[in-house]
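J.:
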Amino acid sequence: MLRLGCIFFLLLFFFSFQVTAQKDSITTLSKKEKRRLNKALQQDYNPLSPSKAAFYSAVFPGGGQIYNKKYWKAPIVWGALGTSIYFYLDNNKEYIRYRTAFKQREAGLQDEFTLDDGTVLISRNGLVNAQRVLRNNRDLSLLTTVLLYVLQVVEASVNAHLIQFNTNNNLTFKPTVIRNGMRFDSPSVGFKISYTF
1410 MLRLGCIFFL LLFFFSFQVT AQKDSITTLS KKEKRRLNKA LQQDYNPLSP
1460 SKAAFYSAVF PGGGQIYNKK YWKAPIVWGA LGTSIYFYLD NNKEYIRYRT
1510 AFKQREAGLQ DEFTLDDGTV LISRNGLVNA QRVLRNNRDL SLLTTVLLYV
1560 LQVVEASVNA HLIQFNTNNN LTFKPTVIRN GMRFDSPSVG FKISYTF
């Protein structure tokens, strides 16, 4: 019962206030000033900006982020792509190493994992398993590199769209409790979000 009372009190507290993001300053402007402000906002809009940002990111990874003047994102892009490329190259090198040793052993030649006295450091099954694991890791690194490349192109384009997004200064969020006038006998619970701009 105490738990139910606490939950009821918290819900009542939550739904009893209004959250306001910013005060509306545009409504105090005259019609002439509003027209001048709208004209200035329209001049700042560049419909080709998202495609330019995507093009720059496609040509040079991180270029779209630099075009959007989000300079701190470019080193993140370079680091992510560089790391995935490093793992691809490292796994590919090790895969070729184990593949060459496996081929030499199958041909009856001495490989790098067999000592001069005939002692085998890695068995045939070990070489096969190492090749399989390294090939899977290499392919996963390549897939990660491609996904990161596409993601940074999309991020640059979306960010260019959002930079130009015109927001209204009158952003409010007001949770309210609405009673159902048709059903007095049993209360109904619902959730409603209203937004205006």
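Its first residue numbered 1410, the sequence shown is counted upward by one per residue in our numbering.
Where a beta carbon is used, it is the ideal one built from N, C-alpha and C, also for glycine.
Going by DSSP, name the residue or residues bridged to Thr1523.
T.: Answer is Val1529.
J.: For the ligand NAD, any of its heavy atoms closer than 8 Å to the Cβ of Ala1483?
T.: Looking for the ligand NAD in the displayed structure turns up nothing, as the structure carries no ligands at all.
J.: What are the start and end residues of each continuous alpha helix (DSSP H) run of 4 or more residues lying completely inside the stretch 1458 to 1526, in chain order?
T.: Whole alpha helix (DSSP H) segments, 4+ residues: 1458 to 1468, 1472 to 1476, 1482 to 1515.
J.: From Arg1514 to Ser1493, what distance separates their C-alpha atoms?
T.: Each residue's Cα considered, the two are about 31 Å apart.
J.: Leaving out five residues on either side along the sequence, give the residues of the same chain with a beta carbon under 6 Å from the beta carbon of Asn1455.
T.: Around Asn1455: no qualifying Cβ.
J.: Given 8 Å as the limit, is there contact between the stretch 1552 to 1572 and the stretch 1476 to 1484, that is, 3 or more CB pairs closer than that?
T.: Counting Cβ pairs under 8 Å, three or more are found: they touch.
J.: Relative to the C-alpha of Gly1488, which residue among Cys1415, Glu1503, Asp1520, Thr1553 is closest?
T.: Among Cys1415, Glu1503, Asp1520, Thr1553, the Cα nearest to that of Gly1488 is on Thr1553.
J.: Anyone know if the C-beta pair for Ile1572 and Ser1458 falls short of 9 Å?
T.: Yes, the Cβ-Cβ distance between Ile1572 and Ser1458 is below 9 Å.
J.: Among residues of its own chain, excluding the 5 on either side of Arg1533, which ones have a beta-carbon nearer than 7 Å to its beta-carbon?
T.: Counting only Cβ-Cβ distances below 7 Å, and skipping sequence neighbours, we find Arg1514.
J.: Roughly how far, in whole angstroms, is the beta-carbon of Asn1500 from the beta-carbon of Ala1569, given that I think they are within contact range, below 8 Å?
T.: At roughly 35 Å, the Cβ-Cβ gap does not stay under 8 Å, so Asn1500 and Ala1569 are not in contact.
J.: Return the CA-CA distance between Gln1474 and Leu1413, expressed in angstroms with no decimal places.
T.: Rounded to whole angstroms, Gln1474 to Leu1413 spans 50 Å at the Cα level.
J.: Go ahead and label Phe1574 buried or exposed: buried means 16 or more other beta carbons lie within 10 angstroms of its beta carbon, across all protein chains shown.
T.: Answer is exposed; the Cβ neighbour count stays below 16.
J.: Please classify Asp1525: is it buried, with 16 or more other beta-carbons within 10 angstroms of its beta-carbon, or exposed?
T.: The residue is exposed, with fewer than 16 neighbouring Cβ atoms inside 10 Å.
J.: Pull up the CB-CB distance for Tyr1504 and Arg1547, whole angstroms please, since I reckon it's below 8 Å.
T.: Contact holds; Cβ gap of about 6 Å.
J.: Inspect the beta-carbon positions of Phe1496 and Leu1536 and report whether they are closer than 9 Å.
T.: No, these two residues do not count as a Cβ contact at 9 Å.
J.: CB-CB under 6 Å to Ala1462, same chain, minus the five flanking residues each way: which ones, in chain order?
T.: The residues are Gly1473, Tyr1476, Asn1477, Ala1565, Ser1566, Ala1569.
J.: Quick one: is Leu1543 buried, meaning 16 or more other Cβ sit within 10 Å of its Cβ, or exposed?
T.: So Leu1543 counts as buried.
J.: Could you have a look at Phe1574 and say whether DSSP puts it in helix, strand or coil?
T.: Coil.
J.: If we ignore side chains and look at the alpha-carbon of each, how far apart do Ser1460 and Asp1520 end up?
T.: Spanning the two alpha carbons is a distance of roughly 53 Å.
J.: I need the DSSP call for Ser1550, collapsed to helix, strand or coil.
T.: Of the three classes helix, strand and coil, the one that applies to Ser1550 here is helix, per DSSP.
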